[in-house]
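>
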Amino acid sequence: MKLRIKITVTGIVQGVGFRPFIYRIAKKHQLSGYVRNRGDAGVEIFLEGKEKDVTSFQSELKTNPPPLAQIYEIGTISIEGKNQYSDFTIYKSSQQNNLSGSIIPPDISICNDCLTELKDPKNPRYEYFFITCTNCGPRFTIIKSLPYDRINTTMNKFPLVGKCKEEYTDPINRRFHAQTVACPNCGPKVYLTSVNGKEICHKNPIQEAGKLLSEGSIVAIKGYGGFHIAASSIKPIPLEKLRTVKHRRSKPFAVMARNLEAAKTIADVNPTELKLLTSNSRPIVLLNKKSIFPLSSLVAPDLHNLGVMLPYTALHYMLFDKISDQTFVMTSANPPNQPIIKDNDVALKKLKGIVDYFLFHDREIAYRCDDSVLRVHGNYPVFLRRSRGYSPKPIILNEKSIHSIVGLGGELNNTSCILNDNKAFISQHIGDIENTETRTFLEEATSHLIRLTNSKIETITCDLHPKFATTFLAKKLASKNDWKLVQVQHHHAHIAALMLEHSINEIVGIVCDGYGYGIDGEAWGGEILFSTRESKNFKRLGHLEKQPLLGGDLATRFPIRIAAGILHKKIDIEAWLSENSNYFPHGKTEVELILNQLSKKTNIINSTSCGRILDAVAAILGICFERSYESEPAVKLESLAAEGRDVLNQKPAIKDNTLLTTPLLLSIFNYRKQYSPKDLAYSAHTYVAKGLAELAIEKALENGIKNIGFSGGVACNKIISDTIRKKVESEDLNFIVHRQIPPGDGGLSFGQAIVGGFFKV
Ligand code: ZN
Ligand code: FE
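Using this note's numbering, you'd call the opening residue of the sequence shown number 327 and step up by one each time.
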């Protein structure tokens, strides 16, 4: 008996060779009908044939899809009527728009087949920088709209001819319907220019750029999601120049290693790190430096680790072709507090004075996307930034939201998030929402994501802070589109994110970061919280001691002010401040002013921030007096502590549900000449971690809760996270941390959307 059925597949099924795969298995099982892409990024298959053949087709569809495909759902319905198809056809895409939430894939690193062709002199794409196929290449960053067809991508200005067209239309070819297919004749071209944009003719501009880098030049390189600034990783002169002109005194640069072996010569690589480094997402992975570090100390100053990535495009591989350098510095090209540069004209304008050369190509970037950054705790990856290679691939939840929600995030390291059904689509990294450029980027990226996911938004969520730019934007969008507005407390969003990521109904959460606007309007950041799925049950059970931040934001920038504010409560710090007066921009005058303000208690903001306590310890230990990049003092403190041991063995002082931090700061101060900074740094970590764990455990036991979560930017700190885990697990409680979303504020939009979608108000 002949069957007629229609199958709809949702998931990552467009742009990954899914239709050719369907074509092949339909042919193999003697089925007729068609396959086509739908406008919602799903795929529709119509089959006619014998029942047993249909069954074999269905099982192969489930068990053997193409490597990059991800099937979320398969829907099957039988269709009445006579047979109509004598053959199997791949149809052009449909414009039909159904609410679904399927999505195009993220950008993917070059595959092994393409890499082999790249190096084969007989291949027409030999040394062609934009060699790709259905299994690899850019996706998210080239797509302007759905369906994912060439016409809707930035490849549309390169008409397919000759061999490329043949391959594109040949169902058994690896490039069948590969929207990025191109060759040196018909595809994008790469070219090298001087700093003024004047083309420098060369047979192989990429290999030439590699040589220039090796010789000490700084080159801006256009990649998939934006520009990188590249430089030698061993020569001090270009690095010094880069640090001066980019105003990056000590913010670490990531490096690209020519291959895994090269990466292993500069850093230790454990099996989990290896898997991440070589995955087709190709993120930057923070690795522990080798004890004898062969690169310039200017690459990642005063840190025990550095960000390493492997090449992910043909262009990257070719940079290393003709030179012996094992690594290059590769940092994203973004002017301070602005998004990564993606357009050639903007690059020319904004990178003048920074770089010596440009390596351009003439394919536009539709949407920018920074590199992702991860580190590994134990055997698990921790996202510091979830962007290229991951975004916009959704996080699949175990439960479904009835409404579609958008979360706009907070202020720093921001992302936005669309929650649709059981899928949460977190945008690429947007950055710090401090100026028009990033605000515009946030708006554009969010509306693009809404379009791509075909979402009918009903609710918009944002932070509780009344003055965040994202709060204003959310209010504006809510009234413009008639969406419901839900404001979510910062740390509530962090903990809600953790709950839905792990399908938990009740939790005691430790949430530690730099700053979040509290329910009482004060500055929070070292919190023990309780949460269920009802927002009214959200409670603050405990916190770190409130400490004075002298001068508000100034204290964040100059952490010695935080230390001064805390120590001043107990001891005379005049002599100590005077000793260190040269670390204050206004020297002795500023010290006097500070002492005056402390005694009069003026110009002080109180905060329970955990980040600020670590900053204060860093200042007392003399590691960092001025913060030049986000989390610098705390990150340097962790690096120092990596080799340390607990010499203080100080019992955490807990009083009235408050972990006191003044005793810690006093000990650090009093013993600063007796013990080594690394041991004191480690001791400070354990004090904070043990204290937080004790307080959380006490609250969990009191309330009969089995789960203790850890979220917020401080959860990226390995020593603190490991120490809390040990304590929590020794009490037979579950320790819950983020696996798929960043613990820091990059995960905030997700948490806000979660509260909007799953929490009873
Ligand atoms: Zn490929
Ligand atoms: Fe936060």
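All residues carry an ideal CB built from backbone N, CA and C; glycine is no exception.
Small disclaimer: the values here were computed from a predicted structure and weren't measured.
Return the CA-CA distance between Ser1047 and Asn746, expressed in angstroms with no decimal places.
31 Å
> Give the single residue among Phe383, Gly878 and Gly868 whose Cα lies nearest to the Cα of Asn983.
Gly868
> By DSSP's criteria, Arg330 is part of a beta bridge. Which residues make up the other side?
Glu374
> For Val1087, count neighbouring Cβ atoms within 10 angstroms of its own Cβ and tell me buried if that reaches 16, exposed if not.
Per the 10 Å Cβ criterion, exposed.
> Is Gly842 near ligand 2, going by C-beta to nearest heavy atom under 7 Å?
yes
> Which partner residues of Gln813 appear in the DSSP bridge assignment?
In the DSSP assignment, the residues bridged to Gln813 are Cys788.
> If you follow the beta strand (DSSP E) that Gly852 is in, where does it begin and where does it stop?
Ala849 to Ser857
> Going by CA-CA distance only, name the one from Tyr1001, Pro346, Ser607 and Leu586 that's closest to Leu600.
Leu586
> For the 8 Å Cβ check, are there 3 or more pairs between the segment 1030-1046 and the segment 976-996?
no
> Nearest to Gln652 by CA position, among Pro661, Asn660 and His642, is which residue?
His642
> With three or more C-beta pairs closer than 8 Å as the rule, is the segment 1057-1069 touching the segment 957-975?
no
> Just mark Asn975 as buried or exposed, buried being the case when its beta carbon has 16 or more other beta carbons within 10 Å.
exposed
> Assuming contact is defined by CB atoms lying nearer than 8 Å, are Cys459 and Ser435 in contact in what I supplied?
no
> So if DSSP puts Gly401 in a beta bridge, which residue, or which two residues, is it bridged to?
Thr334.
> Which class does Met481 belong to by DSSP, given the choice of helix, strand or coil?
Taken through DSSP and simplified to helix, strand or coil, Met481 comes out as coil.
> Quick check on the burial criterion: 16 or more other C-beta atoms within 10 angstroms. Buried or exposed for Glu853?
buried
> Could you check what DSSP says for Thr657 in three-state terms: helix, strand or coil?
strand
> Look at the alpha carbon of His923 and the alpha carbon of Leu876, and state the distance between them as a whole number of angstroms.
As written in the sequence, residue 923 is Gln, which differs from the His given in the question. Near 8 Å, if we compare the C-alpha coordinates of Leu876 and Gln923.
> When you compare only the Cα positions, how much space is there between Gly407 and Tyr417?
21 Å
> Following a CB-centred definition, is Cys292 positioned closer than 7 Å to any heavy atom of ligand 1?
There is simply no residue 292 to check, as the chain begins at 327 and stops at 1087 in what is shown.
> Using 8 Å for Cβ pairs, my map puts Leu603 next to Val634. What's the rounded Cβ distance?
7 Å
> Return the first residue and the last residue of the beta strand (DSSP E) that Phe414 is part of.
Phe414 to Ile416
> Three-state secondary structure (DSSP) at Leu824?
helix
> Return the first residue and the last residue of the beta strand (DSSP E) that Cys838 is part of.
Ile833 to Tyr843
> Apart from the five residues just before and just after Val1094, which ones in its own chain have a Cβ nearer than 6 Å to its Cβ?
Nothing about residue 1094 can be reported from this structure: the residues present for the chain run from 327 to 1087 only.
> Whose C-alpha, out of Ile610, His630 and His1011, is nearest the C-alpha of Ser617?
Ser617 has its Cα closest to that of His630, out of Ile610, His630 and His1011.
> Report buried or exposed for Ser426, applying the criterion of at least 16 other Cβ atoms within 10 angstroms of its Cβ.
In this prediction, Ser426 has a pLDDT of 46, which is less than 50 and means its spatial position is unreliable; what the coordinates show is noted afterwards. Its Cβ being crowded by 16 or more others within 10 Å, Ser426 is buried.
> For Gln815, I'd like the list of residues in its chain whose CB is within less than 6 Å of its CB, leaving aside the five on either flank, ordered along the chain.
Leu790 and Ile845
> When DSSP labels each residue in this structure, what does Ile744 get in the three-state scheme?
Secondary structure of Ile744 (DSSP, three-state): strand.
> Locate the alpha helix (DSSP H) running through Gly937, then write down its first and last residues.
Cys936 to Ile946
> Can Leu1074 be considered in contact with ligand 3, in the sense that its beta carbon sits closer than 7 Å to one or more heavy atoms?
In the structure shown, ligand 3 is absent; the only ligands present are ligand 1 and ligand 2.
> For the segment 760-776 and the segment 732-743, state whether three or more C-beta atom pairs, one from each stretch, are separated by less than 8 Å.
yes
> Return the chain-ordered list of same chain residues with a C-beta closer than 6 Å to the C-beta of Asp439, the five sequence neighbours on each side being excluded.
none
> What are the boundary residues of the beta strand (DSSP E) that Val581 is part of?
Val581 to Ala583
> In the structure shown, what three-state DSSP assignment does Gly359 receive?
strand
> Going straight from the alpha carbon of Pro391 to that of Ile397, what length do you get?
Near 8 Å, if we compare the C-alpha coordinates of Ile397 and Pro391.
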